[in-house]
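Chemist: Handing you a structure now.
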Amino acid sequence: MTRQAGLSPGAGLSMADVEAAARTIAGRADATPLIPSPYMSARAGGDFLLKMETMQPIGAFKLRGALNAVAALPEDTPGVTCCSTGNHGRGVAYAARARGMRAVICMSDLVPQAKIDGIRALGAEVRIAGRSQDDALAESQRLVAAEGLAEISPFDDPRVIAGQATIGLEILRARPDVATLLVPLSGGGLAAGVAFAAKSLNPAVRVIGITMDRGAAMAASLAAGRPVEVEEVPSLADSLGGGIGLHNRLSFPMCRALLDEVILVSEEEIYHAMQVLYHEDRMVAEGASVVGLAAVLAGRVTDLAAPVATVVTGRNLDMAIFTKIVTGQDIALGHHVLKGRAYAA
Ligand SMILES: *Cc1c(COP(=O)(O)O)cnc(C)c1O
């Protein structure tokens, strides 16, 4: 799928919004390191850089957007709510606690227990509602109507997108020569923001959204030319699950305008990329975080130009499952069994 590149005039985001977000979150979300992976650099034929969002205080980049959105709420807001595959909820819980606000996080029963525990540990209430992100969203919207809580979308909110865009700002400021950006793609707040900031600083940078090949709503929507629903299925990249909303206002048009391409990777490829990051670079990261590596390792990126940067988006995984992956054991994904394979470079 090749997309037409260019800045989206309709979305209304400006670089002033991104600069303002950077000032708002400074000192609370960290400016994370951008470090080369020697193994991946050899594969890419030039620098392959990892933007280590795993090192944020909540273990994922979503803190940026959540802090920026929660900071904008009026003082008398009775609380915040959101639907989440886990990391947005953790970000909102963290940001709400810092402002002394109540937070109610709505999630489906596909969310791993480790993510639920992490959110509760931040003092937020957790509601498990139904089998899908859509069910979780419905519960969150019910709370807005019933209790006057402010809802913060995980991706379709201008302040959330501006917050995630600060990642693009940091990458291009540190390495203005980056030629290719590989961005994990779900609801598209991250990809929209990173692509917007990066292309504002260097219109020639190629930005590729990467997601899993089963149940990826943004990829299906971009292919269809309008937001569509897909069935949510268990994936190693659980943070990439969920719909984009049939009434998506921002992240869909921005991804359509700004992404040069979308690439899909298989569960086996994600499994292998998690092994590579662990065994070669000694790093722990979620399945959603390694799809950029997976696409390169599987030879799915044609005409890959270095320097390459990818966002290693989070590390909030179930350690029992991670241990199985790095030791090459089978993984149950719902009714499906993903065959294990011992790591070999
Ligand atoms: C949310 C998330 C993504 C995808 O971000 P979107 O803005 O929904 O596209 C990728 N990786 C991790 C770890 C996430 O939590």
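In this note's numbering, the protein residues as written are 3 to 347.
By construction, the Cβ of each residue, glycine as well, lies at the ideal position given by its N, Cα and C atoms.
1) Counting beta carbon pairs with one atom in the segment 74 to 86 and one in the segment 136 to 147, are three or more of them shorter than 8 Å?
2) Measuring straight from C-alpha to C-alpha, what distance separates Asp-262 and Val-209?
3) Using the Cβ count rule (16 or more neighbours within 10 Å means buried), how would you classify Gly-8?
4) Quick one: grab the DSSP three-state call for Met-54.
5) Measure how close the beta-carbons of Leu-238 and Glu-269 come, nearest whole angstrom, since I'm counting them as under 8 Å.
6) Classify Asn-204 as buried or exposed, calling it buried when 16 or more other Cβ atoms lie within 10 Å of its own Cβ.
7) Measure the alpha-carbon distance for Ala-307 versus Glu-271 and round it to whole angstroms.
8) Short of 6 Å in beta carbon distance, which residues of its chain neighbour Arg-343, apart from the five on each side in sequence? Order them along the chain.
9) Roughly how many whole angstroms lie between the Cα atoms of Gly-102 and Gly-195?
10) Going by DSSP, what residue range makes up the alpha helix (DSSP H) through Leu-299?
11) Can you grab the Cα-Cα spacing for the pair Val-314 / Arg-258, in whole Å?
12) Would you list the one or two residues that DSSP bridges to Leu-266?
13) Take Met-321 and list the residues in its own chain whose beta-carbon comes closer than 6 Å to its own, dropping the five residues that flank it on each side.
14) Quick check on Pro-80: does DSSP put it in helix, strand or coil?
15) Give a yes or no on whether the C-beta atoms belonging to Ala-123 and Cys-108 are separated by under 8 Å.
16) Tell me whether Pro-255 sits in a helix, a strand or coil according to DSSP, three-state version.
17) Expressed to the nearest angstrom, what Euclidean distance is found between the alpha-carbon atoms of Ala-347 and Val-328?
18) Quick check: the segment 283 to 292 against the segment 49 to 65, are at least 3 beta-carbon pairs closer than 8 Å?
19) Comparing C-alpha positions only, which one of Leu-260, Leu-319, Ala-275 and Arg-302 sits nearest to Tyr-345?
20) Just to check, is the beta-carbon of Glu-234 closer than 7 Å to a non-hydrogen atom of ligand 1?
21) Can you tell me whether DSSP reads Gly-61 as helix, strand or coil?
22) Ligand 1 and Thr-312: does the residue's C-beta get closer than 7 Å to at least one heavy atom of that ligand?
23) Pick from Gly-191, Phe-198, Ala-225 and Leu-184: whose alpha carbon is nearest that of Ala-311?
24) Does the beta-carbon distance from Ile-27 to Leu-75 come in below 8 Å?
25) Less than 8 Å separating the beta-carbons of Pro-186 and Val-293?
26) Of the residues Gly-227, Ala-206 and Glu-231, which one's Cα is nearest the Cα of Gly-217?
27) So, using beta-carbon positions, are Pro-160 and Gly-14 closer together than 8 Å?
28) What are the boundary residues of the alpha helix (DSSP H) that Ile-169 is part of?
29) Leaving out five residues before and five after Arg-372 in sequence, what residues of the same chain have Cβ atoms less than 8 Å from its Cβ?
Modeler: Quick answer:
1) yes
2) 6 Å
3) Legend: pLDDT at Gly-8 = 43, less than 50; position of this residue unreliable, value from coordinates given subsequently. Burial call: exposed.
4) strand
5) 6 Å
6) exposed
7) 21 Å
8) Gly-330
9) 28 Å
10) 293 to 299
11) 22 Å
12) Thr-213
13) none
14) coil
15) no
16) helix
17) 12 Å
18) yes
19) Ala-275
20) no
21) coil
22) no
23) Leu-184
24) no
25) yes
26) Glu-231
27) yes
28) 160 to 176
29) Only positions 3 to 347 of the chain appear in the structure, and residue 372 is not among them; the question remains open.
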